[in-house]
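Chemist: Residue numbers (numbering that gives the first Met the number 0): 0 to 340. Note that beta-carbon positions come from the ideal geometry of N, C-alpha and C, so glycine has one too. Remember, it's a predicted structure, so these values are computed and weren't measured experimentally. Please find one structure pasted underneath; my questions will follow.
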Amino acid sequence: MKCTCYPGWGLAGKEGGDCSERFCASELAWVDGPTKNGIYHNYAECANKGVCDRSAGECTCFPGFEGKGCGRQSCPGNCSGHGTCEFMKDLKFGKTFHDYNDGSDYSLSGLGVGGQVLSDKSWDNDRARACACDGEWTGVNCNMRMCPVGNDIMDVVPSPEVPQKQTITLFDANEINSNFVGQTFALQYTSQSNQTFATKPIVWDADNDVFASKIESALMELPYRAVDDVNVDVDQHSAGSAGVIIDIEFTGDIVEGQQHKLEVLAEKCSEGCTPLITGLANIRTWHATDISTVKITTSGSHNSFECGNRGKCNYVTGLCECFDGFGKSILFDFTFDTFTP
């Protein structure tokens, strides 16, 4: 007599025997020896990262692995409550659209929002995971509070000092700039601590000075005084082929140094969405020669270093521990180094 086991039952992980033990789920092995044909990552019970409880048919995964058949990684400390656990295929390059689409090539230009997800064909792209930290937090498990960044005051700065200037160029698809008038859009600012803020809706105005004032107000009214001062200049060319030029200089103390490029929120955002904007309905997103872009046209005199290169970051408190001869002055929620002779 021989037992014919129901599916999922057997003995010692194999079919047959007295059919008294259950199988556990199999997933691609995280590590295994090769087949005769040199193939790795074959299917294995509990993905070779756990032990099968044959009475229940469930895997007891080793630390760092979880899920059905121990088929996915867990994130260390659940990202400390300061981030999200993401599959490798969903991790993004950069914090803003322009970190990847940096304008170095025509195909890497244009407008957009958020970091870039790249194509990943790795065998474990939907199994391996890592933390994507919230703003103000960093580290493998997002347990390190970021410190303020600022200019190294001992650096030689060219005279006269100049702020960073970003230039937003927007084209109407029909090259009629007046088509934008009355429509609403917003700007998104990402701070040097990776906090993201979207402005209130900005109503497009035909008057250059009025329009510039609206953009200035929208940026300077962001929460926590994320942007403490800017100068905006607008040129709505009579010839639509030249586009609309918006120059934004970061002149405040808080925004001194190198900033992420602003992102233009030009897509319609209606009920249940924020900020509530009509979008720029006829904006040109692709063209043989000219597309809407954001560029850094003046890099500025100042740099951006953690603790201004004049101290060490206490990653528990997020405060700078300054070197001897340097002090700290607190302005709002930001720390700036000052030299004590």
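DSSP three-state call for residue 263: helix, strand or coil?
Modeler: In this structure, residue 263 counts as strand in the three-state DSSP scheme.
Chemist: Do three or more CB pairs link the stretch 132-144 to the stretch 99-113 at distances below 8 Å?
Modeler: Segments in contact, no.
Chemist: Can you give me the C-alpha to C-alpha distance between residue 159 and residue 75, rounded to a whole angstrom?
Modeler: Each residue's Cα considered, the two are about 48 Å apart.
Chemist: Applying the 10 Å Cβ sphere with the 16-neighbour rule, what's the burial state of residue 145?
Modeler: Classification of residue 145: buried, given that the 10 Å Cβ count is 16 or more.
Chemist: Do the stretch 64-73 and the stretch 34-47 touch if we need at least three Cβ pairs shorter than 8 Å?
Modeler: Cβ pair count under 8 Å is three or more, so yes.
Chemist: Tell me which same chain residues have a C-beta within less than 6 Å of the C-beta of residue 322, skipping the five on either side of it?
Modeler: Around residue 322: 309, 310.
Chemist: Are the C-beta atoms of residue 70 and some chain C residue less than 8 Å apart?
Modeler: Of the protein chains in the structure, only one exists, and it is not chain C.
Chemist: Suppose only complete runs of 3+ residues qualify. What are the beta strand (DSSP E) ranges in the stretch 131-195, listed by chain order?
Modeler: Those beta strand (DSSP E) runs which fall completely within the stretch 131-195 and span 3+ residues are 163-169, 183-189.
Chemist: Take residue 72 as the anchor and find which of 125, 227, 284 has the nearest alpha-carbon.
Modeler: The residue with the shortest Cα to Cα distance from residue 72 is 125.
Chemist: Just verifying my parser: in three-state terms, what is the DSSP assignment at residue 311?
Modeler: In the structure shown, residue 311 sits in a strand (DSSP, three-state: E or B).
Chemist: On the CB-based measure, 16 or more other CB atoms within 10 Å of its CB, does residue 120 come out buried or exposed?
Modeler: Exposed.
Chemist: Is the beta carbon of residue 265 sitting closer than 8 Å to the one on residue 275?
Modeler: Not a contact, by the Cβ cut-off of 8 Å.
Chemist: Could you tell me the alpha carbon to alpha carbon distance between residue 31 and residue 48, rounded to whole angstroms?
Modeler: Rounded to whole angstroms, residue 31 to residue 48 spans 10 Å at the Cα level.
Chemist: Tell me residue 9's beta-bridge partners as DSSP assigns them.
Modeler: Bridge partners of residue 9: 20.
Chemist: Within a Cβ cutoff of 6 Å, which residues of the same chain sit near residue 234, ignoring the five residues on either side of it in sequence?
Modeler: So the list reads 244, once near-sequence residues are dropped.
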